[in-house]
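For the sequence shown, the residue numbers in my numbering are 832 to 1512.
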Amino acid sequence: MKKKEIYADAAAQSFFKLSPKIQIKNPVMFVVYLGAVLTTVLYFLGFFGIQDEARWYTFVIAMLLWFTVLFANFAEAIAEGRGRAQAGSLRGARKDVSARKLQDPENHNLYTEVLSNELKKNDVVLVKMGEQIPMDGEVITGAASVDESAITGESAPVIRESGGDRSAVTGGTTLVSDWLVIRVTAEAGESFLDKMIAMVEGAARKKTPNEIALQILLVTLTIIFLAVSATLIPFTEFSSHLAGKGEAISLTNVIALLVCLAPTTIGALLSSIGIAGMSRLNEANVLAMSGRAIEAAGDVDVLLLDKTGTITLGNRRASQFLPVAGVSERELADAAQLSSLADETAEGRSIVVLAKERFDIRGRELSSAEAEFIPFTAKTRMSGTNFGGDEVRKGAADAVKQFVESVGSTYPAECEELVAKVAQAGGTPLVVVKNKQVLGVVYLKDIVKNGVKEKFQDLRAMGIKTIMITGDNPMTAAAIAAEAGVDDFLAEATPEAKLDLIRSYQKEGHLVAMTGDGTNDAPALAQADVAVAMNSGTQAAKEAGNMVDLDSSPTKLIDIVRIGKQLLMTRGALTTFSVANDIAKYFAIIPVLFYGIYPELEVLNLMQLTSPVTALLSAVIYNAFVIVCLIPLSLRGVKYRELPAQKLLGRNILIYGLGGIIAPFIAIKAIDMLLTVMGIS
């Protein structure tokens, strides 16, 4: 949906939202709505000789109040329209497709064809290359590339495979290679895509605690102004009779006064601010399960960040060959490359490349008849090659030491020193052995991402503490933490250790955010105040989190905190501006309205407004059109700055507090002068 279409739809929705059932959901604007209805009735009563003000004046006041209500509806409708536009593109990905429902997961030839909306939870389906995945599920057999661009917008396909933390698939995505056997984890109408469409449309959006608290404050202020306004007619009747001059205030003017003094600006924009905040999160490809999670992100002061993929690039690279005494660096590089020729991991590839770059050692042409490749296993924690009578192995230091000593060879103390040196520098040591003799150590280095240190400095300036979570030993973790610039780290992290760390910070009154993608992350995600699960992760992680990152980018947590803070800043800034506006309106309306009875109030007419008529009209016109002026800000959000909360508060009070006092004085005076020139007085 294009911008013009969104605006046209929002204009139409502004009138549909005039239904009392919809208006009563916003108590502040409902008072304006009732005022518009009442002044309209007063205008038509004027045709029958029943009037308390000139008909043209009552008509203008009624129209301005209707405009105020319509502008408030328009602000909300634009925010909702943007959500509907996002939902429209997602609906294109949600189709009822034919699915192969397997009767036996082991027999791929025994299946029945059903529509995707007929699938039930725990059904098992077979999906082949080029076919759309019919429903959310967990891969139980196979590995394949999946095109998730319909949901994430990312054109590059991703790998989904059984086991591990990349087994979850989403209905509406497409297989671009191989095949998968999937166990369905959601039924029709409850899929991830269905939930996302409901959220971006706003249908599932509930008011957050902060929003409810602010609305209670606004309603309380409105009730106070309502009570004061209700007494003005009898009070001014009594006062004018007692003073022998002046007139009682009319009902039309009481209604106009009430609308001007009530916090209508923030009342009109409150809903659109919340919807727009959720929309900005959706644009970042993050699905929030509740508005509360977005607000909590804005208040977070502790971030738990995985080292791999967030702080480091995720793939360690070989950076040095460190031989023991009596072994040349070239000899170590040659053996390390030989042990890595069949190693398709990023680390193995980097060893082959480093040997080639440093010593121009070319990869051998190893036929299966000549070479025996020894794959890495969790049990041995080593890999290597048997070729040309040589046995070459590389692996974790303690595993290699056990291997060498088990065959009667000596593990040199110098190698232990090299291993300790690499670990202290924040690297990962791989020990290389040729024919049961230790040759030395390959230094694998975690590469810290560019710009990460600066991001952590920004977070620190905002008062947010960053903690790196890693399975590395304490020495390695400390070195990487120092290089990245995080505030603290948790080494050799286990699910229990993560959970205990979160609980300890929460007991101290902190709000904690973390990311995770595995089943072992689920307990900590469930405990965290803001829990971002990766879309590529397991179903358990998604169910435990209160947000899902469709891009599966661990660094997204920083963006989420920024969006959450921007939402709170926008709401706070516009609330400050709205309340500050009332100060100018007091000076605009009250002195002019009552100096017929109390002439001494003339000294408070600081703006020197022409008459009660122009004063009230100017204030009501400003009150209506300031909403239109602030709609872009409510949708876009106040500009985010990396500053501590105290400085942000001071800055916003200066801009939106002081600005909220000054702007109405200028605008109302300008409107009053224009009305006077037009002959209205």
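Even glycine gets a Cβ: it sits at the ideal position worked out from N, Cα and C.
Going by CA-CA distance only, name the one from the options that's closest to residue i.
{"i": "leucine 1082", "options": "Lys1387, Tyr1426, Tyr888, Asp1165", "result": "Tyr888"}
{"i": "alanine 1357", "options": "Ile1182, Lys1373, Val1085", "result": "Lys1373"}
{"i": "alanine 1074", "options": "Pro1430, Ile1054, Ser1103, Leu1163", "result": "Pro1430"}
{"i": "glycine 1488", "options": "Asn1116, Thr1401, Glu1323", "result": "Thr1401"}
{"i": "leucine 873", "options": "Asn1084, Ile964, Ala1044, Leu1063", "result": "Asn1084"}
{"i": "valine 862", "options": "Phe898, Ile1205, Asp1289, Leu1089", "result": "Leu1089"}
{"i": "valine 1279", "options": "Lys1267, Ala1313, Met1293", "result": "Ala1313"}
{"i": "proline 1040", "options": "Ala1446, Glu1126, Ile1080", "result": "Glu1126"}
{"i": "threonine 870", "options": "Met894, Lys852, Leu849", "result": "Met894"}
{"i": "tyrosine 1453", "options": "Ala1498, Arg1334, Thr1441", "result": "Ala1498"}
{"i": "glutamate 1248", "options": "Asp1229, Leu1466, Ala839", "result": "Asp1229"}
{"i": "leucine 941", "options": "Ile1298, Val956, Lys1138, Phe1056", "result": "Val956"}
{"i": "glycine 1157", "options": "Val1235, Gln1268, Val1238", "result": "Gln1268"}
{"i": "threonine 1350", "options": "Val1361, Thr1051, Glu1327", "result": "Glu1327"}
{"i": "arginine 1147", "options": "Ala1177, Val1131, Ala1107, Leu1136", "result": "Ala1177"}
{"i": "alanine 839", "options": "Ser947, Ile909, Lys848", "result": "Ile909"}
{"i": "alanine 1173", "options": "Ala1149, Leu1136, Phe1218, Asp1137", "result": "Phe1218"}
Can you round the beta-carbon distance between residue i and residue j to whole angstroms, since I take them to be within the 8 angstroms contact cut?
{"i": "alanine 1353", "j": "leucine 1388", "result": "Actually they are not in contact, since the Cβ atoms of alanine 1353 and leucine 1388 sit about 17 angstroms apart, beyond 8 angstroms."}
{"i": "alanine 867", "j": "valine 900", "result": "6 angstroms"}
{"i": "alanine 1017", "j": "lysine 952", "result": "7 angstroms"}
{"i": "aspartate 1348", "j": "alanine 1324", "result": "That pair is no contact at about 14 angstroms."}
{"i": "isoleucine 1428", "j": "serine 1070", "result": "5 angstroms"}
{"i": "glycine 1226", "j": "valine 1262", "result": "7 angstroms"}
{"i": "asparagine 1116", "j": "aspartate 1380", "result": "7 angstroms"}
Decide if residue i is buried, meaning its Cβ has at least 16 other Cβ atoms within 10 Å, or exposed.
{"i": "alanine 1186", "result": "buried"}
{"i": "glycine 1403", "result": "buried"}
{"i": "valine 1434", "result": "exposed"}
{"i": "valine 1007", "result": "exposed"}
{"i": "alanine 885", "result": "exposed"}
{"i": "valine 1508", "result": "exposed"}
{"i": "glycine 880", "result": "exposed"}
{"i": "threonine 1067", "result": "buried"}
{"i": "arginine 1467", "result": "exposed"}
{"i": "alanine 1254", "result": "buried"}
{"i": "glycine 1105", "result": "buried"}
{"i": "alanine 1034", "result": "In this prediction, alanine 1034 scores a pLDDT of 43, lower than 50, which makes its location untrustworthy; no coordinate-derived value is stated."}
{"i": "asparagine 938", "result": "exposed"}
Using the DSSP secondary-structure output, state which residues sit across from residue i in a beta bridge.
{"i": "alanine 999", "result": "Glu969"}
{"i": "alanine 1324", "result": "The partner list for alanine 1324 (beta bridge, DSSP) is empty, contrary to what the question assumes."}
{"i": "alanine 975", "result": "Arg991"}
{"i": "leucine 1261", "result": "Val1273"}
{"i": "arginine 1224", "result": "Gly1215, Val1264"}
{"i": "methionine 1299", "result": "Leu1136, Phe1320"}
{"i": "phenylalanine 1069", "result": "The partner list for phenylalanine 1069 (beta bridge, DSSP) is empty, contrary to what the question assumes."}
{"i": "leucine 957", "result": "Arg931, Val1012"}
So, helix, strand or coil for residue i, using DSSP?
{"i": "methionine 1345", "result": "strand"}
{"i": "tyrosine 1471", "result": "coil"}
{"i": "glycine 932", "result": "The residue you asked about is not glycine; residue 932 is lysine in the sequence shown. DSSP places lysine 932 in strand when its eight states are reduced to three."}
{"i": "methionine 1365", "result": "strand"}
{"i": "alanine 1035", "result": "Only weak support exists for where alanine 1035 lies, its pLDDT of 47 falling under 50; the value from the coordinates is given anyway. Three-state result, alanine 1035: coil."}
{"i": "tyrosine 838", "result": "helix"}
{"i": "tyrosine 1242", "result": "coil"}
{"i": "alanine 1256", "result": "coil"}
{"i": "tyrosine 1487", "result": "helix"}
{"i": "serine 1150", "result": "strand"}
{"i": "asparagine 1041", "result": "helix"}
{"i": "serine 1214", "result": "strand"}
{"i": "asparagine 1113", "result": "helix"}
{"i": "leucine 1013", "result": "Leucine is not the amino acid found at residue 1013; the sequence shown has isoleucine there. In this structure, isoleucine 1013 counts as strand in the three-state DSSP scheme."}
{"i": "phenylalanine 1104", "result": "Residue identity differs from the one stated: residue 1104 is isoleucine in this sequence, not phenylalanine. DSSP places isoleucine 1104 in helix when its eight states are reduced to three."}
{"i": "valine 945", "result": "strand"}
{"i": "glutamine 882", "result": "coil"}
{"i": "glutamine 963", "result": "strand"}
{"i": "leucine 1118", "result": "strand"}
{"i": "threonine 1350", "result": "helix"}
{"i": "leucine 1382", "result": "Residue 1382 is actually aspartate in this sequence, not leucine. Here aspartate 1382 sits in coil by DSSP."}
{"i": "phenylalanine 1207", "result": "coil"}
{"i": "valine 1279", "result": "strand"}
Compare the C-beta of residue i against all C-beta atoms of chain D and say whether one is closer than 8 angstroms.
{"i": "leucine 1052", "result": "Given the protein chain composition of this structure (a single chain), no chain D is represented."}
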